[in-house]
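Read top to bottom, the protein sequences are chains H and X. If you're matching positions, the first sequence starts at 1 in this note's numbering and goes up one per residue. If you're matching positions, the second sequence starts at 1 in this note's numbering and goes up one per residue. The C-beta atom is built at its ideal place from N, Cα and C for all residues, glycine as well.
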Amino acid sequence: QKEVEQNSGPLSVPEGAIASLNCTYSDRGSQSFFWYRQYSGKSPELIMSIYSNGDKEDGRFTAQLNKASQYVSLLIRDSQPSDSATYLCAVSTSGTYKYIFGTGTRLKVLA
Amino acid sequence: GAVVSQHPSWVICKSGTSVKIECRSLDFQATTMFWYRQFPKQSLMLMATSNEGSKATYEQGVEKDKFLINHASLTLSTLTVTSAHPEDSSFYICSASSQGRWDTEAFFGQGTRLTVV
Chain H
1 QKEVEQNSGP LSVPEGAIAS LNCTYSDRGS QSFFWYRQYS GKSPELIMSI YSNGDKEDGR
61 FTAQLNKASQ YVSLLIRDSQ PSDSATYLCA VSTSGTYKYI FGTGTRLKVL A
Chain X
1 GAVVSQHPSW VICKSGTSVK IECRSLDFQA TTMFWYRQFP KQSLMLMATS NEGSKATYEQ
61 GVEKDKFLIN HASLTLSTLT VTSAHPEDSS FYICSASSQG RWDTEAFFGQ GTRLTVV
């Protein structure tokens, strides 16, 4: 059974702080990794994608991938109350577009 | 980015009736579409993979006769929940991809909230 694990939270951080979200996966054949943000009652929206080991930065967001440890993380700098949402980690095997989602981590940014 | 449109955004139906949900790719041709279901406070669970012009592939535990999927064109896939029951009430989300154009990213529709009463 291929699994993607996330801490369900809630993770509470003060406004302006760095929020760190973590995800581990079991399938060593996984090639593509995604972070989605989902507000309550809404569909997920793509935040970051990462395909190779290392860091990838986009604005306030940094995704980190370590395939040897089967670990992917998302850092959110200068957290804002509007960042409060559930963050879903998704993993797929190259070429399949079939995503396995984690259960999501609920982030609360306190004003 | 690509746009995937899902319709309706919400629907209420009586137990025993059928409901059809549409998923359209508006600005690209989607060779593959996926249907997910999300219960409250849970993650997205893949129900089936829909390929244009061929039968859908269902995940283990998903009844193919209850959740009918049709992917008749490169821009439209439909999910029909037949003989709906209250336990089918959920948030249904489709995603679409076009191999070779946006690498391996899939794009999500806005979701359909189904309530069976």
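Cut-off 7 Å between Cβ atoms - residues of its own chain near residue i, not counting five sequence neighbours on either side
i, result
"Asn7 (chain H)", "Asn22 and Thr105"
"Gly102 (chain H)", "Val4, Glu5, Gln6, Cys23, Leu88 and Cys89"
Where residue i falls, given that 16 or more other Cβ within 10 Å makes a residue buried
i, result
"His71 (chain X)", "buried"
"Phe115 (chain X)", "Correcting the residue identity first, residue 115 (chain X) is Thr in this sequence and not Phe. Counting Cβ neighbours within 10 Å, Thr115 (chain X) comes out exposed, since fewer than 16 surround it."
"Gly109 (chain X)", "buried"
"Ile12 (chain X)", "exposed"
"Trp35 (chain H)", "buried"
"Asp65 (chain X)", "exposed"
"Ile76 (chain H)", "buried"
"Gln38 (chain H)", "buried"
"Trp10 (chain X)", "exposed"
Beta-carbon proximity list for residue i, same chain, < 6 Å, skipping 5 on both sides
i, result
"Glu3 (chain H)", "Ser26"
"Ser50 (chain X)", "Met33, Ala56, Ile69, His71 and Ser77"
"Lys67 (chain H)", "Asn53"
Integer Cβ distance of residue i from residue j, believed to fall under 8 Å
i, j, result
"Met45 (chain X)", "Gln38 (chain X)", "7 Å"
"Gln70 (chain H)", "Arg28 (chain H)", "7 Å"
"Ser18 (chain X)", "Thr80 (chain X)", "6 Å"
"Leu74 (chain X)", "Gln29 (chain X)", "4 Å"
"Val13 (chain H)", "Val109 (chain H)", "6 Å"
Partners in chain X for residue i, counting only beta-carbon separations shorter than 8 Å
i, result
"Gly102 (chain H)", "Ser43"
Listed by chain order, chain X residues near residue i by CB distance under 7 Å
i, result
"Ser49 (chain H)", "Glu105"
Chain-ordered chain H contacts of residue i [CB-CB under 9 Å]
i, result
"Leu46 (chain X)", "Lys98, Tyr99, Ile100 and Phe101"
"Gln110 (chain X)", "Lys42 and Ser43"
"Ile12 (chain X)", "Those do not exist, as Ile12 (chain X) stays about 15 Å from chain H at its closest Cβ, beyond 9 Å."
Contacts of residue i in chain X (Cβ-Cβ under 9 Å)
i, result
"Lys108 (chain H)", "Chain X residues near Lys108 (chain H): none, gap ~15 Å exceeds 9 Å."
Proximal residues to residue i (C-beta, below 8 Å), its chain only, five neighbours per side dropped
i, result
"Asp27 (chain X)", "Ala2 and Val3"
"Val117 (chain X)", "Ile12, Cys13, Lys14, Ser15 and Pro86"
Contacts of residue i in chain H (Cβ-Cβ under 8 Å)
i, result
"Thr75 (chain X)", "Here the premise fails: no neighbours, minimum Cβ distance about 16 Å."
"Ile93 (chain X)", "Ser43 and Pro44"
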